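Residue numbers (my numbering): 570 to 775. A virtual CB, placed ideally from N, CA and C, is assigned to each residue, including glycine. Here the structure is a predicted model, which means the values were calculated and not measured. What follows is a set of notes on a single structure, which appears directly below.
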Amino acid sequence: MNYRLLGRSGLRVSELCLGTMTFGEDWGWGAPKDEARKIYDAFREAGGNFIDTANVYTQGSSETFLGEFVSGHRDSVVIATKYTNALTTNDPNAGGNQRKNMMQAVEGSLRRLKTDYIDLYWLHIWDQLTPVEEVMRAFDDLVRQGKVLYVGVSDAPAWWISKANTMAEFRGWSPFVGLQIEYSLIERTVERELIPAAKALGLTVT
Numbered sequence: 570m571n572y573r574l575l576g577r578s579g580l581r582v583s584e585l586c587l588g589t590m591t592f593g594e595d596w597g598w599g600a601p602k603d604e605a606r607k608i609y610d611a612f613r614e615a616g617g618n619f620i621d622t623a624n625v626y627t628q629g630s631s632e633t634f635l636g637e638f639v640s641g642h643r644d645s646v647v648i649a650t651k652y653t654n655a656l657t658t659n660d661p662n663a664g665g666n667q668r669k670n671m672m673q674a675v676e677g678s679l680r681r682l683k684t685d686y687i688d689l690y691w692l693h694i695w696d697q698l699t700p701v702e703e704v705m706r707a708f709d710d711l712v713r714q715g716k717v718l719y720v721g722v723s724d725a726p727a728w729w730i731s732k733a734n735t736m737a738e739f740r741g742w743s744p745f746v747g748l749q750i751e752y753s754l755i756e757r758t759v760e761r762e763l764i765p766a767a768k769a770l771g772l773t774v775t
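And the structure:
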């Protein structure tokens, strides 16, 4: 397995990242725990250390499974998880990019992952509402508290990402180091703005 630096950081991650959206059967499909464990073990045996999940994947089962799988070697893996989407529908503040949801979501992820820190914390989806200052300051607070080491962004426009990182660098806050996007031979529209922005800002694309 080869490794690369994560954005403009010193963190080394495997070129292959294990996505775990299908760890769990809560959505009516996906891998049961024993099968998910075999997938995880095969990835680790191949030298992979970069694992991606989200608070809402299979209603939290993905994070719960990972918390069990990494037991005993937590510090040798790089866990990336996300916030924005709500796990409940009866709270208007249980979703979105705002500080309240971020703080609640990170605590839930830490509990399910059975860890006291998250290596990479993604903003999952841009909500088009929360001021960029609120998002980046809240991310920086989590980094300063030691609950998060690095931050990244997914499903947001290039102009907003550029604004966020420019502000973070100006204020001395933690900037985004990664960008998660859909990119394939079929989906290449990201080459117009997002890929150039990632190159200019030094973001790792996953």
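Beta-carbon contacts of residue i that lie in its chain and below 6 Å, excluding the five residues immediately before and after
{"i": "Gly593", "result": "Gly599, Thr627, Ser630 and Ser631"}
{"i": "Asp603", "result": "none"}
{"i": "Ala725", "result": "Trp695"}
{"i": "Tyr609", "result": "Phe638"}
{"i": "Gly771", "result": "Gly576 and Arg577"}
{"i": "Tyr690", "result": "Val717 and Val720"}
{"i": "Asp856", "result": "Nothing about residue 856 can be reported from this structure: the residues present for the chain run from 570 to 775 only."}
Per DSSP, the bridge partner or partners of residue i
{"i": "Ile648", "result": "Ile620"}
{"i": "Phe592", "result": "Ala600"}
{"i": "Leu574", "result": "Arg581"}
{"i": "Val722", "result": "Leu692 and Leu748"}
{"i": "Val717", "result": "Ile687"}
{"i": "Leu587", "result": "Ile620"}
Cβ shell of residue i (< 7 Å), same chain only, five flanking positions each side left out
{"i": "Pro601", "result": "Glu594"}
{"i": "Ser578", "result": "Tyr719 and Val746"}
{"i": "Ala766", "result": "Ala727, Ile730 and Ser731"}
{"i": "Gly665", "result": "Thr653, Asp696, Leu698 and Thr699"}
{"i": "Glu762", "result": "Ala727"}
{"i": "Thr591", "result": "Gly599 and Ala600"}
Cα-Cα separation between residue i and residue j, rounded to whole angstroms
{"i": "Ala727", "j": "Thr758", "result": "12 Å"}
{"i": "Pro661", "j": "Arg706", "result": "22 Å"}
{"i": "Gln697", "j": "Ala769", "result": "23 Å"}
{"i": "Tyr686", "j": "Val720", "result": "12 Å"}
{"i": "Thr699", "j": "His642", "result": "37 Å"}
{"i": "Gly597", "j": "Ser753", "result": "27 Å"}
{"i": "Gln749", "j": "Ala615", "result": "23 Å"}
{"i": "Ala623", "j": "Glu760", "result": "25 Å"}
{"i": "Val701", "j": "Met671", "result": "13 Å"}
{"i": "Leu587", "j": "Asn659", "result": "32 Å"}
{"i": "Glu584", "j": "Val675", "result": "26 Å"}
{"i": "Ala605", "j": "Phe619", "result": "16 Å"}
{"i": "Gln673", "j": "Ser723", "result": "19 Å"}
Other residues of its chain near residue i: CB distance less than 8 Å, five sequence neighbours each side excluded
{"i": "Ser640", "result": "Lys683"}
State whether the stretch 672-688 contacts the stretch 720-737, with contact taken as three or more CB pairs (one from each stretch) at a distance under 8 Å. no
Would you say the stretch 631-640 touches the stretch 653-669, given that touching needs at least three Cβ pairs under 8 Å? no
Starting from the N-terminal side, write out each stretch of the alpha helix (DSSP H) that is 4 residues or longer and does not extend beyond the stretch 651-699. For secondary structure counted as the alpha helix (DSSP H) over 4 or more consecutive residues, the stretch 651-699 holds these complete runs in sequence order: 668-682.
I'd like to know if the stretch 702-716 and the stretch 742-750 are in contact, where contact means that at least 3 CB-CB pairs between them fall below 8 Å. Contact between the stretch 702-716 and the stretch 742-750 is present, because at least three Cβ pairs lie under 8 Å.
What ranges does the beta strand (DSSP E) occupy inside the stretch 738-775, keeping only unbroken runs of at least 3 residues that lie completely in it? 745-749
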